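First comes the structure, then the notes that go with it.
Protein chains: 2
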Amino acid sequence: MSRVYNFSAGPAVLPEEVLKEAAEEMLDYNGTGMSVMEMSHRSKAFEKIIGDAEKSLRDLINIPDNYKVLFLQGGGHQQFAMVPMNLMKNKVADYINTGQWAKRAMLEAKIYGKVNLIASSEDKNYSYIPDLKELKISDDADYVYICHNNTIYGTKYNELPDAGDKILVADMSSDILSEPIDVTKYGLIFAGAQKNIGPAGVVIVIIREDLITEDVLPGTPTMLKYKTHADNNSLYNTPPAYGIYMCGKVFKWLQNKGGLEAMKKINEEKAAILYEYLDSSSMFKGTVVKKDRSLMNVPFITGSDELDAKFVKEAKAAGFENLKGHRTVGGMRASIYNAMPIEGVKALVEFMKKFEQENKK
Amino acid sequence: MSRVYNFSAGPAVLPEEVLKEAAEEMLDYNGTGMSVMEMSHRSKAFEKIIGDAEKSLRDLINIPDNYKVLFLQGGGHQQFAMVPMNLMKNKVADYINTGQWAKRAMLEAKIYGKVNLIASSEDKNYSYIPDLKELKISDDADYVYICHNNTIYGTKYNELPDAGDKILVADMSSDILSEPIDVTKYGLIFAGAQKNIGPAGVVIVIIREDLITEDVLPGTPTMLKYKTHADNNSLYNTPPAYGIYMCGKVFKWLQNKGGLEAMKKINEEKAAILYEYLDSSSMFKGTVVKKDRSLMNVPFITGSDELDAKFVKEAKAAGFENLKGHRTVGGMRASIYNAMPIEGVKALVEFMKKFEQENKK
Chain X
27 MSRVYNFSAG
37 PAVLPEEVLK
47 EAAEEMLDYN
57 GTGMSVMEMS
67 HRSKAFEKII
77 GDAEKSLRDL
87 INIPDNYKVL
97 FLQGGGHQQF
107 AMVPMNLMKN
117 KVADYINTGQ
127 WAKRAMLEAK
137 IYGKVNLIAS
147 SEDKNYSYIP
157 DLKELKISDD
167 ADYVYICHNN
177 TIYGTKYNEL
187 PDAGDKILVA
197 DMSSDILSEP
207 IDVTKYGLIF
217 AGAQKNIGPA
227 GVVIVIIRED
237 LITEDVLPGT
247 PTMLKYKTHA
257 DNNSLYNTPP
267 AYGIYMCGKV
277 FKWLQNKGGL
287 EAMKKINEEK
297 AAILYEYLDS
307 SSMFKGTVVK
317 KDRSLMNVPF
327 ITGSDELDAK
337 FVKEAKAAGF
347 ENLKGHRTVG
357 GMRASIYNAM
367 PIEGVKALVE
377 FMKKFEQENK
387 K
Chain E
27 MSRVYNFSAG
37 PAVLPEEVLK
47 EAAEEMLDYN
57 GTGMSVMEMS
67 HRSKAFEKII
77 GDAEKSLRDL
87 INIPDNYKVL
97 FLQGGGHQQF
107 AMVPMNLMKN
117 KVADYINTGQ
127 WAKRAMLEAK
137 IYGKVNLIAS
147 SEDKNYSYIP
157 DLKELKISDD
167 ADYVYICHNN
177 TIYGTKYNEL
187 PDAGDKILVA
197 DMSSDILSEP
207 IDVTKYGLIF
217 AGAQKNIGPA
227 GVVIVIIRED
237 LITEDVLPGT
247 PTMLKYKTHA
257 DNNSLYNTPP
267 AYGIYMCGKV
277 FKWLQNKGGL
287 EAMKKINEEK
297 AAILYEYLDS
307 SSMFKGTVVK
317 KDRSLMNVPF
327 ITGSDELDAK
337 FVKEAKAAGF
347 ENLKGHRTVG
357 GMRASIYNAM
367 PIEGVKALVE
377 FMKKFEQENK
387 K
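The listed protein sequences derive, respectively, from chains X and E.
Sequential numbering of the first sequence, starting at 27, is according to our numbering.
Sequential numbering of the second sequence, starting at 27, is according to our numbering.
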């Protein structure tokens with residue numbers, strides 16, 4: 027068995043320790059005589075798994091008691107609909123467009139009400155976060171929506187928009203658990219698990235209790251009401267049980283690493299290795315305005331499509347997987363989530379240096 | 027490691043061979059250097075996994091070319107909404123109520139249009155399938171809905187309602203792949219994977235192509251349109267990738283067992299062992315009208331709550347797990363899905379005989 031360095035934007039690398047444990051427990055979880063995959067979601071063993079996962083997550087992010095944690099299905103895309111269906115009481119919402127996923131969320135919200143685009147970085151292919159000081163929040167907006175870290179473009183909010191008394195909703199799919207956050211600044215946070223947590227098929231929702239009501243838009247399916255899941259501790263129907271179990275393991279792994287303060291330090295260190303090289307290289311350069319750079323997704327280009335393709339090919343042959351950039355940005359992208367070891371980033375930079383040396387004009 | 031006999035109604039037992047393979051491949055799938063959980067859903071390796079899973083399923087059920095196979099999220103409960111949102115063109119549908127899940131599907135459909143209850147077995151706690159000869163299908167119905175096998179009550183349709191030119195929709199969550207079916211009789215079949223296939227978090231939809239249209243009810247979320255997923259071969263967004271991989275393994279396992287004709291024989295044999303004993307026992311008896319008995323879920327009672335509880339407790343101690351019946355039926359329930367080996371059923375009956383002997387008055 028030989029493991030590669032996997033820079034995929036998602037689904038993405040998982041901690042090797044976590045995978046090893048999962049493999050060991052596959053036929054017999056904790057003396058139950060069965061796999062977690064075979065376990066009734068109403069069993070004591072599974073109730074402990076989901077309960078412990080929630081506890082660890084609350085501990086890691088310091089989630090206040092007046093917020094519920096939900097483990098749902100359908101990924102970020104389903105949240106794009108659930109957010110307006112549940113929160114658009116006045117049928118108005120403000121969106122900031124910082125990339126493909128923010129835009130798709132905005133288009134979905136338009137099915138349900140009036141959407142005000144209050145800021146956008148589409149003019150420069152989303153290579154920056156718009157100026158938040160100029161922001162005009164709409165008086166009648168039910169909420170203000172942001173995508174906190176933009177996976178494709180490699181940007182990140184380093185400060186938050188001042189939403190005043192409005193509910194701030196954030197898609198944190200690609201940077202949840204990468205550093206501490208202040209949950210009280212948000213009304214609702216959601217994150218697909220498949221980037222910085224683990225397996226695809228689980229989406230985590232952290233929602234302030236007063237936002238969980240029966241007063242949703244007419245025609246909202248029972249499964250798409252937050253209240254359905256909040257009232258049943260995510261066990262209204264059979265949940266994605268194995269995915270939740272894997273999430274719980276990753277949460278424990280993060281706790282053992284020292285929590286989110288420790289992860290922030292490591293993530294900053296990892297990102298610095300890559301960005302410092304990009305800033306010094308005469309071949310590779312980053313595509314994002316420096317102050318808005320993501321700690322998780324690092325897009326870079328050589329300026330030559332041919333050279334980009336050569337790099338991706340040779341990197342793959344050397345054991346660096348999934349470095350090809352998204353087609354809308356081109357070039358390369360290294361996603362360096364929590365589970366990417368610092369050795370992987372160092373090895374990548376060494377490889378880039380060697381490539382630069384060998385291919386300079 | 028010691029495995030139990032797991033009679034859970036779902037999530038339920040998986041073939042041990044499949045779990046072993048999954049454990050072995052956990053850190054390095056097929057020389058990719060990564061787990062399937064870490065794999066981009068746009069990668070060649072994953073495209074092959076989902077493509078092969080679909081091919082095996084098509085082969086097993088003999089799915090005609092004019093039907094699409096979709097791997098979705100949200101379980102049966104989300105289908106309860108997706109079916110009317112996508113198929114209720116006239117806003118009318120006929121439902122047959124054969125248990126809790128059929129009823130819940132019916133209540134969900136009422137959000138979207140007029141629902142005609144054309145038959146029900148609620149009067150006798152769903153212990154039979156209503157007479158289908160008397161059925162009056164509504165002229166304006168968009169579809170006729172049935173729950174093909176009723177997990178909680180242990181009943182099963184041994185013949186289908188004559189829906190005429192109407193679309194027949196079937197929830198087959200608890201008996202899909204238990205025996206051959208004629209797909210052409212249905213417009214849409216769905217099945218949550220967590221009963222007779224494998225892991226929770228995947229729902230399989232088999233839908234006739236002409237039913238996949240943009241003409242859905244207003245307000246239908248993009249993720250809840252069959253067309254969204256059909257147009258993208260279930261890769262519109264990140265799918266529940268690991269679950270699909272496990273489903274594919276179970277499909278292969280079934281192919282190696284000889285397919286659905288072979289499974290039907292084995293399932294009939296397994297069920298007969300249990301039913302024959304129930305019919306001969308003076309302590310235990312089945313709760314379902316004989317002609318409507320399920321091959322998958324076998325509820326039975328002693329007539330005494332105390333004795334039922336004693337049996338469940340002693341059975342558990344002897345390595346027979348999850349035999350407690352659903353609270354609406356009481357007593358016991360043995361779910362004997364495809365992955366339950368015949369040895370498990372034989373051992374259970376031996377245990378029941380011993381219990382009967384020891385506890386007879």
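Each residue gets a CB set at the ideal place from its N, CA and C atoms; glycine is no exception.
Everything numeric in this text was worked out from a predicted model, so none of it was measured.
List the residues of chain E whose Cβ lies closer than 7 Å to the Cβ of residue 220 of chain X, in chain order.
Taking the first sequence and counting its residues from 1, one reaches residue 220 of chain X at position 194. Listed along chain E are 264, each with a C-beta nearer than 7 Å to that of residue 220 of chain X.
Residues in the same chain with beta-carbon distance under 7 Å from residue 344 of chain X, minus the five sequence neighbours each way, listed in chain order, please.
Numbered from 1 along the first sequence, position 318 holds the residue referred to as residue 344 of chain X. Taken in chain order, the residues that qualify are 377.
With a CB to CB cut of under 7 Å and the five nearest residues on each side skipped, what residues in its chain are close to residue 222 of chain X?
Within the first sequence, residue 222 of chain X is the residue found at index 196, counting from 1. Here the set comprises 200, 201, 202, 203, 204, 322, 363 and 364.
Given this structure, state the Cα-to-Cα distance separating residue 348 of chain E from residue 314 of chain E, to the nearest angstrom.
Translated into the one-based positions of the second sequence, residue 348 of chain E becomes position 322. Translated into the one-based positions of the second sequence, residue 314 of chain E becomes position 288. Each residue's Cα considered, the two are about 20 Å apart.
What residues from the region 36-59 of chain X come within 8 Å of chain E, judged by C-beta to C-beta, listed N to C?
Within the region 36-59 of chain X, the qualifying residues are 36, 37, 38, 39, 40, 42, 45, 46, 48, 49, 50, 52, 53, 54, 58 and 59.
Of the residues that make up the region 135-161 of chain X, which ones have a beta carbon closer than 9 Å to any beta carbon in chain E?
Correct list: 137 and 138.
Consult DSSP for residue 360 of chain X and reduce its assignment to one of helix, strand or coil.
Translated into positions along the first sequence, residue 360 of chain X becomes position 334. In this structure, residue 360 of chain X counts as strand in the three-state DSSP scheme.
What does the Cβ neighbour count give for residue 165 of chain E, buried or exposed, with the cut at 16 atoms within 10 Å?
By one-based count along the second sequence, residue 165 of chain E stands at place 139. Counting Cβ neighbours within 10 Å, residue 165 of chain E comes out exposed, since fewer than 16 surround it.
For residue 38 of chain E and residue 220 of chain E, the rounded distance between their alpha carbons:
Here residue 220 of chain E refers to the residue found at position 194 of the second sequence. Here residue 38 of chain E refers to the residue found at position 12 of the second sequence. One C-alpha to the other measures close to 6 Å.
Spatial neighbours of residue 182 of chain X within its chain, please: C-beta separation below 8 Å, excluding the five flanking residues on both sides.
Taking the first residue of the first sequence as 1, we reach residue 182 of chain X at position 156. Result list for residue 182 of chain X: 155, 174, 175, 176, 201, 318, 319, 320, 321 and 322, in chain order.
Is there a Cβ of chain X sitting closer than 9 Å to that of residue 28 of chain E, yes or no?
By 1-based counting over the second sequence, the position of residue 28 of chain E is 2. Yes, its Cβ sits closer than 9 Å to a Cβ of chain X.
Let me confirm a value: residue 350 of chain E is counted as buried when at least 16 other C-beta atoms fall within 10 Å, else exposed. Which label applies?
Within the second sequence, the letter at position 324 stands for residue 350 of chain E. Buried is the call here.
What is the residue span of the alpha helix (DSSP H) that residue 292 of chain X lies within?
Residue numbering aside, residue 292 of chain X sits at position 266 when the first sequence is read from its first letter. Counting along the chain, the unbroken alpha helix (DSSP H) around residue 292 of chain X starts and ends at 285-306.
How would you label residue 192 of chain E, buried or exposed, when you count the other beta carbons within 10 angstroms and need 16 or more for buried?
As a position in the second sequence, residue 192 of chain E is number 166, starting the count at 1. Buried, by the Cβ-count rule.
At a CB distance below 8 Å, what residues from the region 257-287 of chain E approach chain X? Give them in sequence order.
Flagged, chain order: 262, 263, 264, 265, 266, 267, 268, 269 and 272.
Please tell me whether residue 228 of chain X has its Cβ less than 9 Å away from any Cβ of chain E.
As a first step, residue 228 of chain X is located in the first sequence; it is residue number 202 there, counting from the start. Interface flag for residue 228 of chain X against chain E is set, since a Cβ pair is found closer than 9 Å.
Where does residue 196 of chain E fall in DSSP's three states?
For the purposes of this step, residue 196 of chain E is taken as residue 170 along the second sequence, with counting starting at 1. Residue 196 of chain E: strand per DSSP, three-state reduction.
Should residue 207 of chain E and residue 95 of chain E be called a contact, given that it needs their Cβ atoms to be closer than 9 Å?
Within the second sequence, the letter at position 181 stands for residue 207 of chain E. Within the second sequence, the letter at position 69 stands for residue 95 of chain E. Between residue 207 of chain E and residue 95 of chain E, the gap from beta carbon to beta carbon reaches 9 Å or more.
Nearest neighbour of residue 245 of chain X, chosen from X/112, X/218 and X/58 [CA to CA]:
As a position in the first sequence, residue 245 of chain X is number 219, starting the count at 1. Closest option to residue 245 of chain X, Cα to Cα, is X/112.
Residue 342 of chain E versus residue 374 of chain E - alpha carbon distance:
As a first step, residue 342 of chain E must be located in the second sequence, where it is residue number 316. As a first step, residue 374 of chain E must be located in the second sequence, where it is residue number 348. When rounded, the distance between both Cα atoms is 11 Å.
Cβ-based contacts, 7 Å cut-off: residues of the region 92-107 of chain X near chain E:
Cβ contacts with chain E: 99, 100, 101, 103, 104 and 107.
Any beta-carbon of chain X closer than 9 Å to the one on residue 67 of chain E?
Within the second sequence, the letter at position 41 stands for residue 67 of chain E. Chain X contact via Cβ: present.
Please determine if the region 256-265 of chain X and the region 255-268 of chain E are in contact, where contact requires at least 3 C-beta pairs separated by less than 8 Å.
Taking a contact to require three or more Cβ pairs closer than 8 Å, the region 256-265 of chain X and the region 255-268 of chain E do not qualify as touching.
Report the residue from X/329, X/309, X/294 and X/316 whose alpha carbon sits nearest the alpha carbon of residue 368 of chain X.
Position 342 of the first sequence, counted from the start, is the residue given in the question as residue 368 of chain X. Cα-wise, what sits closest to residue 368 of chain X is X/294.
C-beta atoms of residue 277 of chain X and residue 86 of chain X nearer than 9 Å
For this step, residue 277 of chain X is matched to residue 251 along the first sequence. For this step, residue 86 of chain X is matched to residue 60 along the first sequence. At a Cβ-Cβ threshold of 9 Å, residue 277 of chain X and residue 86 of chain X count as neighbours.
So if DSSP puts residue 225 of chain X in a beta bridge, which residue, or which two residues, is it bridged to?
Here residue 225 of chain X is taken as the residue at index 199 of the first sequence, counted from 1. BP columns for residue 225 of chain X are empty, so no partner.
By DSSP, does residue 97 of chain X sit in helix, in strand, or in coil?
The residue you call residue 97 of chain X lines up with position 71 of the first sequence. Residue state, collapsed to three classes: strand.
Apply the 10 Å Cβ neighbour rule to residue 266 of chain E and answer buried if 16 or more other Cβ atoms are within range, or exposed otherwise.
Within the second sequence, numbered from 1, the residue matching residue 266 of chain E stands at position 240. Result: buried.
Below 8 Å on the Cβ atoms is my contact criterion, and I expect residue 225 of chain X with residue 63 of chain E to pass it. Report the Cβ-Cβ distance as a whole number of Å.
Counted from its first residue, the first sequence places residue 225 of chain X at position 199. Counted from its first residue, the second sequence places residue 63 of chain E at position 37. Yes, residue 225 of chain X and residue 63 of chain E are in contact; Cβ-Cβ is about 5 Å, under 8 Å.
With a Cβ-Cβ cutoff of 9 Å, do residue 61 of chain X and residue 47 of chain X count as a contact?
Walking along the first sequence from the start, residue 61 of chain X turns up at place 35. Walking along the first sequence from the start, residue 47 of chain X turns up at place 21. When the beta-carbon positions are compared, residue 61 of chain X and residue 47 of chain X stay at least 9 Å from each other.
Which residues of chain E have a Cβ atom closer than 8 Å to the Cβ of residue 61 of chain X, listed in chain order?
Along the first sequence, read from residue 1 onward, the residue named residue 61 of chain X stands at position 35. The contacting residues are 40 and 45.
Beta strand (DSSP E) segments (min. 3 residues) lying fully within the region 117-174 of chain E:
Fully enclosed beta strand (DSSP E) runs of 3 or longer: 118-123, 140-146 and 169-173.
Short-range partners of chain E found in the region 321-332 of chain X, where Cβ spacing is below 9 Å
Within the region 321-332 of chain X, no residue qualifies.
Are residue 250 of chain E and residue 108 of chain E close, meaning C-beta to C-beta below 9 Å?
Residue mapping note: residue 250 of chain E aligns to position 224 of the second sequence, counting from 1. Residue mapping note: residue 108 of chain E aligns to position 82 of the second sequence, counting from 1. For residue 250 of chain E and residue 108 of chain E, yes; Cβs fall inside 9 Å.
Per-residue DSSP class, three states only, for residue 231 of chain X
On the first sequence, position 205 is the one that residue 231 of chain X refers to. Three-state result, residue 231 of chain X: strand.
Which residues bound the beta strand (DSSP E) around residue 310 of chain X?
Reading the first sequence from its first residue, position 284 is the one you call residue 310 of chain X. Looking at the DSSP string, residue 310 of chain X is not in any beta strand (DSSP E), and its letter there is neither H nor E.
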